[in-house]
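Enquirer:
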Amino acid sequence: MIQTITGRGARLLLAAGVLGGALTACGQTGGDSLLDKQALVVGVRPDLPGLGVRKPDGTFEGFDIDVARYVAGRLGKSVRFVPVLAADRLTVLTSGRADLVLATLSVTPERKEKIAFAGPYFVSYQDVLVRSDARNVKVVRDLRGRTFCGVEGADPVQRLQALAGMTAEVRSAKDYDQCMAMMDSRAVDAITTTDVILAGLARKAGGGRYRLINARLGEQNTGIGMRQGDPEGCEALNRAITRMYQDGTAARLVGKWFAGTGLEKTNVEVPQFEGCL
């Protein structure tokens with residue numbers, strides 16, 4: 050039985066085509082498979098509350114970390130985590146420093162030219178975070194000409210600027226902690242990225258100081274990044290993701306990391322599975 054799980058920002062999805070069917074190839078054939086490894090090195094975010102955080106003792110916690118542990122376990126592999134920021138998510142794979150990346154990595158045509166994707170393992174919306182005292186901001190276009198914080202290596206601000214009639218100044222930051230510091234000092238007016246990231250940042254800040262405007266700018270498929278040329282490994286990861294939904298683990302993890310964020314509840318959607326990307 051597949052349990053229904055909820056979350057506007059993280060409408061977790063079951064890759065339906067994986068069930069009982071053959072999958073298409075992840076990329077070119079050849080090269081070492083992650084299935085041949087005893088331990089997998091996984092790049093994760095160290096700076097995103099609820100998704101991936103490095104604790105003072107050097108260990109990691111978050112939804113992506115728990116998903117990585119689960120899928121690695123289904124493959125019979127141990128896992129070692131390495132921190133990766135937005136700008137480095139592709140290079141840690143192509144350089145061989147990591148076998149997988151679970152770090153809010155959206156599936157895009159440009160990225161698929163350089164790496165392969167398993168999954169996706171969740172879908173979220175792009176949203177905008179503003180200060181709660183910005184009562185005149187109700188929709189995205191209320192922020193025309195204002196200053197946004199953009200994290201290096203991420204592309205949400207560019208997607209926002211592509212909206213008809215939308216203009217915005219951008220200040221770059223190395224990570225979302227730096228963006229939040231800019232918000233605290235009023236150096237920027239808003240942050241835009243996926244809503245699960247923003248919800249985690251708002252919860253960490255506490256005190257109702259920040260709010261999402263519920264922009265719903267478009268769905269973003271988040272996948273497991275991996276090197277091209279390993280279709281067998283890609284298929285194994287998709288089977289593990291499917292099992293994660295079937296056995297209730299996905300529902301449990303959503304409750305563990307996203308409950309109480311204020312994200313609107315919706316039923317899980319089961320999209321047409323794309324195969325290994």
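Heads up, the sequence shown is in the numbering used here, so the first residue is 50 and it goes up one at a time. For glycine and all other residues, C-beta sits at the position ideal for the given N, C-alpha and C. Just so it is clear, the structure is predicted and the values come from calculations on it, not from any experiment.
Is it true that the CB of residue 181 sits closer than 8 Å to the CB of residue 269?
Expert: No, Cβ-Cβ distance for residue 269 and residue 181 is not below 8 Å.
Enquirer: Run through DSSP, which three-state label would residue 222 get?
Expert: Residue state, collapsed to three classes: strand.
Enquirer: Cα separation between residue 79 and residue 283?
Expert: At residue 79, the pLDDT of 41 sits below 50, so the modelled position is not reliable and the matter cannot be decided from this model.
Enquirer: Excluding the 5 residues preceding and the 5 following residue 129 in the sequence, name in chain order all residues of the same chain whose CB lies nearer than 8 Å to its CB.
Expert: So the qualifying residues of the chain are 88, 89, 90, 91.
Enquirer: Which first and last residues belong to the alpha helix (DSSP H) in which residue 281 is found?
Expert: That run of the alpha helix (DSSP H) goes 280 to 295.
Enquirer: Take the Cβ of residue 325 as the centre, count every other Cβ of all protein chains shown within 10 Å, and call the residue buried at 16 or more, exposed below.
Expert: When all chains shown are included, residue 325 counts as buried.
Enquirer: Taking 8 Å as the threshold (C-beta atoms), are residue 178 and residue 247 in contact?
Expert: Yes, these two residues count as a Cβ contact at 8 Å.
Enquirer: Suppose contacts are defined by Cβ-Cβ distances below 8 Å. Is residue 298 in contact with residue 153 by that definition?
Expert: Cβ atoms of residue 298 and residue 153: not closer than 8 Å.
Enquirer: In chain order, what residues of the same chain have a beta carbon less than 8 Å from the beta carbon of residue 160, not counting five sequence neighbours either side?
Expert: Cβ within range, chain order: 139, 154, 166, 274.
Enquirer: Could you give the distance in angstroms between the alpha-carbon of residue 127 and the alpha-carbon of residue 287?
Expert: Cα to Cα, residue 127 sits roughly 18 Å from residue 287.
Enquirer: Helix, strand or coil for residue 215, going by three-state DSSP, please let me know.
Expert: Three-state result, residue 215: coil.
Enquirer: Looking at C-alpha atoms only, which residue of 199, 174, 240 is the closest neighbour of residue 223?
Expert: If we check each option's Cα against that of residue 223, 199 comes out closest.
Enquirer: Cβ atoms of residue 102 and residue 151: under 8 Å apart, would you say?
Expert: No, Cβ-Cβ distance for residue 151 and residue 102 is not below 8 Å.
Enquirer: Would you report the Cα separation of residue 143 and residue 277, rounded to the nearest angstrom?
Expert: Cα to Cα, the separation comes out at about 9 Å.
Enquirer: Would you list the residues sitting across from residue 109 in a DSSP beta bridge?
Expert: 103.
Enquirer: Using C-beta distances below 7 Å, list every residue in its chain close to residue 135, excluding the 5 sequence neighbours before and after it, in chain order.
Expert: Around residue 135: 200, 201, 202, 203.
Enquirer: According to DSSP, residue 173 sits in a beta bridge with which residue or residues?
Expert: Residue 173 is bridged to 269.
Enquirer: Classify residue 146 as helix, strand or coil using the three-state DSSP reduction.
Expert: Coil, per DSSP.
Enquirer: At the level of alpha carbons, what is the spacing between residue 74 and residue 255?
Expert: Low per-residue confidence applies at residue 74: pLDDT is 39, beneath 50, and the placement is therefore not dependable enough to give any value.
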